[in-house]
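Per full-length UniProt numbering, the sequence shown starts with residue 1, numbered consecutively.
Scroll down for the structure; my scribbles are underneath it.
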Amino acid sequence: MTEPNPTLRLKGIVKTFPGVRALDGVDFDVRPGEVHALMGENGAGKSTLMKILAGVYHPDEGQIFIDDRPVVIRSPIEAKEHGITLIHQELSLAEEMSVAENIFLGELPRKKWGFVDWKTLDERVGTILQKLNADWGPRTRIGSLSIAKQQMCEIARALTHSAKIVVFDEPTASLTDAEKVVLFDVIEDLKAEGVGIVYISHRMEEIFKITDRISVLRDGSYRGTLNTRETDEDEITQMMIGRSLELHRRNIEHAEEGEEVLSVEGLSCGRLFQDVSFTVKAGEIVGFYGLVGAGRTEMAETLFGLRRPTAGKIRLAGEEVHIGSPSEAIEKGISLVPENRKEQGLVLGMNCRDNITLPQIDDLTAGPFVANGAEVAIYDMYRDRLQIKAPTWRTLVGSLSGGNQQKIVIGKWLSMKPRLLIVDEPTRGIDVGSKSEIHKLLRELAHQGYAIIVVSSEMPEVLHVSDRIIAMHNGRITRTFSADAVTEEDLIQAISGLTSDKAA
1 MTEPNPTLRL
11 KGIVKTFPGV
21 RALDGVDFDV
31 RPGEVHALMG
41 ENGAGKSTLM
51 KILAGVYHPD
61 EGQIFIDDRP
71 VVIRSPIEAK
81 EHGITLIHQE
91 LSLAEEMSVA
101 ENIFLGELPR
111 KKWGFVDWKT
121 LDERVGTILQ
131 KLNADWGPRT
141 RIGSLSIAKQ
151 QMCEIARALT
161 HSAKIVVFDE
171 PTASLTDAEK
181 VVLFDVIEDL
191 KAEGVGIVYI
201 SHRMEEIFKI
211 TDRISVLRDG
221 SYRGTLNTRE
231 TDEDEITQMM
241 IGRSLELHRR
251 NIEHAEEGEE
261 VLSVEGLSCG
271 RLFQDVSFTV
281 KAGEIVGFYG
291 LVGAGRTEMA
301 ETLFGLRRPT
311 AGKIRLAGEE
321 VHIGSPSEAI
331 EKGISLVPEN
341 RKEQGLVLGM
351 NCRDNITLPQ
361 IDDLTAGPFV
371 ANGAEVAIYD
381 MYRDRLQIKA
391 PTWRTLVGSL
401 SGGNQQKIVI
411 GKWLSMKPRL
421 LIVDEPTRGI
431 DVGSKSEIHK
441 LLRELAHQGY
451 AIIVVSSEMP
461 EVLHVSDRII
471 AMHNGRITRT
481 FSADAVTEED
491 LIQAISGLTS
501 DKAA
């Protein structure tokens, strides 16, 4: 059967930034009614290519064709006029405005004299929210919604007008499993209408579930396109990083456990979690796994002093401690890599070096001045150790890819040499190669004697990195497993509150 002509075709796209050739002659196309995955490591050029398509950047060389007609896209407004909608990975919403105002921002329906037609606006948005199974209304303030619901509002923008091309950039990063099902239904509806979908994700299971073709970029260069049904994860991984990965538990060499570093007894924080008890030893990685709302993140934030416990005891090396703030936690040797790197982990307007050394700035002063050489040495160490891709230490963190931003956060807290390292969603939004590097790093840290807590919503991750896995449901620990003996069915049953038959 003859394939339809592409709705969109990018040919020979080149884009250079100071010190970096981000795209080197990239070709890419999308057919009507297909989902075409664009994959690659962080820094491979995916976001740059899509920003060129959206009119944010202008290519140095190359052409863009829509329906076989060459076009020049000078701005996001022109991209929208050509039928291109980009759903950003990072939220771009006005928090003090309503859901309806955000969804139709710049396109609010007007009455005869120029006033906003609120009735028409509410009706249109209400129809869209119904498609998304939303339990909030058009007049709800965006800032009052959870990150996951804000992401659904970002996705709702794709349904506001007749788009030819919709680009989804890591759309499920903040979504629950139920919300993912709704998103995939929306994508199927768009396909049925003949819309071409570009889908960017690091989650292989999603790629193989919903896409028709997969194109891979590596180091800014096009590496090829494969039909999804004719390839597998290993082939795609090799195209992305130039090697295959061994991510099986049988390859893990457990560290030798040392003395008990952390002991938590009956810890509670209001209704967020109750009666949590566990221990972590030096050289041990304890994974916390559960559904959204299980209390995992809140427990980690309590250990770091961001929340005040309402009951229970925390002991470090056998000594009971009271942690009233993050600064007290840091003084006691506890570090937290937070779930939301943009809002909680980084100062986006500062450079890479200053972000990594920020917690220890008082220790790097020489009189009234900061010891510049010492700061650069610390940055260089963790740049090499974590393979951070940035032109120089002066590069602003806000300009880095999501994966490299996450590496900066991890490097910042590793530089504090903590006794207890808590890592919440360590590889969210990170490509498969970088994910493997971070997993390997966590294992190395355990071998060096660190006590580590990993909070993750990805089952393969907790199975891969943990020595023990603690399952949580509705704010309580349900079961604790040895990672060598646990099965996926065990975990599903423990985190869902189901019987074994229902879990299966």
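Positions of the beta carbon are idealized from the N, C-alpha and C atoms, including for glycine.
Under the three-state reduction of DSSP, PRO59 is assigned to coil, being neither helix nor strand. Taking the Cα positions, LEU132 is about 16 Å away from ASN102. Between ILE147 and ALA294, the gap from beta carbon to beta carbon reaches 8 Å or more.
Out of ARG479, GLU458, VAL462, the CA that lies nearest to the CA of HIS202 is found in GLU458.
Counting along the chain, SER47 sits inside the alpha helix (DSSP H) bounded by residues 46–53. Judged by their CB atoms, GLY12 and ASP27 are nearer to each other than the 8 Å cut-off.
Scanning the region 132–217 from its first residue to its last, the whole beta strand (DSSP E) runs of 3-plus residues come out as 165–169, 196–200. Taken through DSSP and simplified to helix, strand or coil, SER221 comes out as strand.
Among the bridge pairs identified by DSSP, ALA37 is matched with TYR199, ILE214. Within 10 angstroms of the beta-carbon of VAL455 lie 16 or more other beta-carbons, which makes it buried.
Just so you know, the alpha carbons of PRO338 and GLU425 end up roughly 8 Å apart. Around the beta carbon of ALA134, a 10 Å sphere encloses 16 or more other beta carbons of the protein chains shown; the residue is thus reported as buried. In terms of CA proximity to GLU81, SER162 leads the group ARG315, TYR222, SER162.
Collapsing the DSSP output to three states places ASP67 in coil. Annotation for MET472: the continuous beta strand (DSSP E) segment containing it runs 468–473. Counting only runs of 4+ residues, the alpha helix (DSSP H) found wholly inside the region 430–459 occupies 432–447, in chain order. The criterion of a C-beta distance shorter than 8 Å is satisfied by GLY312 and LEU267. Beta-bridge analysis with DSSP links CYS269 to PHE273.
Shortest Cα-Cα distance from PRO4 to any of ASP68, ARG476, TRP118, LEU441 involves ASP68. Between VAL376 and ARG353, the C-beta gap is smaller than 8 Å, which places the two residues in contact.
Here the alpha carbons of LEU8 and LYS164 stand approximately 9 Å from one another.
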